[in-house]
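Structure, as structure tokens:
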Amino acid sequence: MEQSSGESGPWGKRADMLVHEVEPFNAETAPGVLAASDITAVSAFYSRNHGPAPLIEPADWTLSVDGLVERGLTLTLERLREDYEPVSVTATMQCAGNRRAGLIEVRDIPGEDPWRAGAIGTARWTGVRLRDVLTSAGVRDGATDVAFEAPDVSELASPSQPYGSSIGLAKAMSAEPLIAWAMNDRPLGRIHGAPARIVVPGYIGARSVKWVQRIHVQDRPSDNYFQATAYRILEPDADPTEAGPGDGISLGPWSLNCDILEPRSGVGRAGPLEVAGYAVAAEHRTVARVEVSLDAGATWAQAELEEPAGEWTWRRWRARLELPAGRTVIVARAWDDSGALQPQEPASLWNPKGYANTSWPSLEIHTP
Ligand SMILES: Nc1nc2c(c(=O)[nH]1)N[C@H]1C(S)=C(S)[C@@H](COP(=O)(O)O)O[C@H]1N2
Ligand SMILES: [Mo]
Numbered sequence: 256m257e258q259s260s261g262e263s264g265p266w267g268k269r270a271d272m273l274v275h276e277v278e279p280f281n282a283e284t285a286p287g288v289l290a291a292s293d294i295t296a297v298s299a300f301y302s303r304n305h306g307p308a309p310l311i312e313p314a315d316w317t318l319s320v321d322g323l324v325e326r327g328l329t330l331t332l333e334r335l336r337e338d339y340e341p342v343s344v345t346a347t348m349q350c351a352g353n354r355r356a357g358l359i360e361v362r363d364i365p366g367e368d369p370w371r372a373g374a375i376g377t378a379r380w381t382g383v384r385l386r387d388v389l390t391s392a393g394v395r396d397g398a399t400d401v402a403f404e405a406p407d408v409s410e411l412a413s414p415s416q417p418y419g420s421s422i423g424l425a426k427a428m429s430a431e432p433l434i435a436w437a438m439n440d441r442p443l444g445r446i447h448g449a450p451a452r453i454v455v456p457g458y459i460g461a462r463s464v465k466w467v468q469r470i471h472v473q474d475r476p477s478d479n480y481f482q483a484t485a486y487r488i489l490e491p492d493a494d495p496t497e498a499g500p501g502d503g504i505s506l507g508p509w510s511l512n513c514d515i516l517e518p519r520s521g522v523g524r525a526g527p528l529e530v531a532g533y534a535v536a537a538e539h540r541t542v543a544r545v546e547v548s549l550d551a552g553a554t555w556a557q558a559e560l561e562e563p564a565g566e567w568t569w570r571r572w573r574a575r576l577e578l579p580a581g582r583t584v585i586v587a588r589a590w591d592d593s594g595a596l597q598p599q600e601p602a603s604l605w606n607p608k609g610y611a612n613t614s615w616p617s618l619e620i621h622t623p
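Just so we're aligned, residue 256 is where the sequence shown starts under my numbering, counting upward by one.
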């Protein structure tokens, strides 16, 4: 399963990606491939798009920095690379829709793709610190948010508009967000936002704006559809087609989560069984424990946690267990270093757009 199946899929991706949509391209990594390495290959990395991917020649690209700044800047790729210190951050990217399929099982979520465990991946991102660029522009008093604007126009927004979002100034001025031009030490690919994108470690992927061409410092969050209306936890009985700006809880930092990558549900063989997966903690917290149960939570085995590649990455885990004959429900759950535990039931988290499914993952295996 881990063997390369080539890169014959769309956008140079492996043929074993689970493709939700071809245009705009939406595809997730096959679970076995995700389980196989701490750093996700670009050829296997999920991609989430709301419109057609722009084709921008590096020489034609500029980034403007304006709004509540002392000096507006217009940066070329060359200026960015030469005038600021290059840095690399290994960070996990996770879509707010990761694991949505588990919420759809509770109640249908029309119009949203049923992402499974693979709308997540970990890469080494290289670029410059967002804060270095903001500092060189001089953030003015009264600024509270930093908005990112991209050129890709999304028909999914109402009204149709270019993709954009924002993060709070404190996160923007922290060490981890990047304006990145490389992913796993190769120039960023077109589908991942070439020539440059924002990477906001610890935040839902939606904030890591690809093909970014403007950074606007302002005194409120972005009014872009994907900040003001989408990527929000609406109340369970809200009609998402009626949602307007400011409705629901805006998602930024993600919460404690984990999923099982191996085995897959279906037929298994009684005897030694390895269960493997990943866990992520909320920002400034760490994954402290992952447990696996073969008896619906009556007893728990401790999984072995791998050392994370960095402060902003997932922790992969595995547990060696004995699969009994018959039907077994395998459940996993993660705890963080504050003692918080994932919520148990997807039904308790169900929300009309199907975001942030952080419930205990489970699957069923039966022996022949
Ligand atoms: N310009 C732009 N940036 C974007 C998006 C988009 O559609 N357009 N999708 C966002 C979402 S929802 C996610 S999860 C990540 C996915 O990044 P990837 O395709 O590089 O994995 O990009 C984010 N940045
Ligand atoms: Mo996303």
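From the three backbone atoms N, C-alpha and C, an ideal C-beta is built for every residue, glycine too.
So ALA392 is in the alpha helix (DSSP H); what residue range does that whole segment cover? 385 to 392
Quick check: the Cα distance between GLN416 and LEU549, rounded to an integer number of angstroms? 48 Å
From the DSSP secondary-structure annotation, give me the bridge partner or partners of TYR533. ASP514 and ARG571
Three-state class that DSSP yields for TYR480 in the structure shown: helix
What is the C-beta distance between ARG573 and ALA531, in whole angstroms, given that I count them as a contact (C-beta under 8 Å)? 4 Å
With ASP338 as the anchor, note down where its alpha helix (DSSP H) starts and where it stops. 332 to 338
Endpoints, the beta strand (DSSP E) within which PRO406 is located: 400 to 409
DSSP state of GLY306 mapped onto helix, strand, coil: coil
Between which two residues does the beta strand (DSSP E) containing PRO341 stretch? 341 to 349
Going along the chain, which residues of its own chain have a beta-carbon closer than 7 Å to the beta-carbon of VAL584, five neighbours each way excluded? ALA551, SER617 and GLU619
Quick check: what's the CA-CA separation for THR347 versus ILE375? 7 Å
Since ILE453 sits in a beta bridge, which residues does DSSP pair it with? ILE434
What's the C-alpha gap between PRO563 and TRP569? 6 Å
Just to confirm, does ILE422 get its C-beta within under 7 Å of one of the non-hydrogen atoms of ligand 2? no
Starting from ARG588, trace the beta strand (DSSP E) both ways and give me its first and last residue. 582 to 591
Among the residues of its own chain, which have a CB less than 8 Å from the CB of GLU410, if the five just before and after it don't count? GLY306
Once you ignore the five residues that flank GLY382 on each side, which residues in its own chain have a CB closer than 6 Å to its CB? LEU433, ILE434, ALA435 and TRP436
I need the boundaries of the alpha helix (DSSP H) containing VAL288, first residue and last residue. 286 to 291
Cβ pair TYR610, TYR486 closer than 8 Å: yes
Between GLU257 and TYR533, what straight-line distance do the alpha-carbon atoms span, to the nearest angstrom? Unreliable positioning characterises GLU257 in this predicted model, as indicated by a pLDDT of 34, which lies under 50. The coordinate reading is nonetheless provided below. Cα-Cα distance, rounded: 16 Å.
Using three-state DSSP, classify VAL542 as helix, strand or coil. strand
Is the beta carbon of CYS350 within less than 7 Å of some heavy atom of ligand 2? yes
For GLY423, which three-state DSSP category applies? strand
What's the C-alpha gap between MET547 and VAL388? Note that residue 547 is Val in the sequence shown here, rather than Met. Near 44 Å, if we compare the C-alpha coordinates of VAL388 and VAL547.
Confirm the yes/no value for this check: CB of ILE375, any heavy atom of ligand 3, distance under 7 Å. This structure simply doesn't include ligand 3; it includes ligand 1 and ligand 2 instead.
Where the beta strand (DSSP E) containing GLY322 begins and where it ends: 317 to 322
Between PRO265 and VAL277, what straight-line distance do the alpha-carbon atoms span, to the nearest angstrom? 8 Å
Go ahead and pull the three-state DSSP assignment for ARG269. coil
Mind checking whether the beta-carbon of TRP466 lies closer than 7 Å to any heavy atom of ligand 1? yes
Checking the sheet assignment: what are the DSSP bridge partners for ASN281? GLU276
Figure out for me which residue from GLY444, TRP466, ILE311 and SER413 has the closest Cα to the Cα of SER499. At residue 499 the sequence reads Gly, which differs from the Ser that was named. Per the Cα distances, SER413.
Pairwise C-alpha distance: ARG362 and LEU273: 22 Å
Cβ-heavy atom distance between ILE459 and ligand 2 below 7 Å? yes
What residues match up with SER382 in a beta bridge as DSSP calls it? The amino acid occupying residue 382 in the given sequence is Gly; Ser does not appear at that position. Its beta-bridge partners are VAL342 and ALA435.
Would you say the beta carbon of ARG355 comes nearer than 7 Å to a heavy atom of ligand 2? no
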